[in-house]
Amino acid sequence: MTEQPAHAWFCVKAKPRQEAVAVRNLRALGAVELVFPRIRRTRRGHDKNREVIEPLFPGYVFLRYDPAELNGSVRSTRGVLHLVAKNGLPVAVDQKVIDELLALGPDAILSALDEELQVGAKVRIVRGIFAGSEGEVLRLATPEKRIAVLLSLLGSDQPVELSSEDVEGVASADA
């Protein structure tokens, strides 16, 4: 059986949408270090935009501890589903990965910049009478934050001018 390195970094799988519960309870164990990377982004809604902070890796937390001392405690911590393991042993996470995550700052929060739309990009309309429709960007009017989108309406393609706040980019099928 392979020995686990003392005080190595491991990946913990949290129960669905219980990452914060797992983090709080793992910190209560004492002799652990945690990295819970998150991302700050703007979520567009029907009536307004709001800033949210979500897990960068939904369901996962990185934990540094001595498995010889705390393996059972970590596995049975409220909010924890299991440790990411191979052949029954927790898999150590490369220190370079952790260093990159720690470079995000003390709270490990990455700020996502809203992607700038380009002519030809596929978009989905999120507000207004065309909400849910998808189209292609024809023209951008940056100072006014307006955007012209080509929509298929009533059997033909029609250009529609909207506020850029009313559309979001759609991942292309080619990617």
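With positions in the sequence shown counted from 1, the corresponding number in our numbering is that position plus 11. Note that the Cβ used here is the ideal one computed from N, Cα and C, for glycine as well. Only a predicted model underlies this, so the values are computations on that prediction, with no experimental measurement involved.
Taking a 10 Å sphere around the C-beta of L164, we find fewer than 16 other C-beta atoms and assign the residue as exposed. When DSSP reads this structure, K97 sits in a beta bridge with L100. Cβ atoms of F73 and V46 come within 8 Å of each other, at about 4 Å. For D168, the pairing in a beta bridge is given by DSSP as S163. Beta-bridge partners assigned by DSSP to F47: none are found. By the neighbour-count criterion, in which a residue is buried when 16 or more other Cβ atoms sit within 10 angstroms of its Cβ, V85 is buried. If you ignore the 5 residues before and after L161, its C-beta comes within less than 6 Å of the C-beta of G146, E147, L149, D168, P170, all in its own chain and listed in chain order.
Under a 10 Å Cβ-count criterion, E65 is classified as exposed, with fewer than 16 other Cβ atoms of the shown protein chains found around its own Cβ. Taken through DSSP and simplified to helix, strand or coil, A152 comes out as strand.
Straight through space, the alpha carbons of V108 and L173 are spaced by roughly 42 Å. Per DSSP, A19 is one residue of the beta strand (DSSP E) stretching across 19-25. Residue pairing by DSSP places K133 opposite E147 in a beta bridge.
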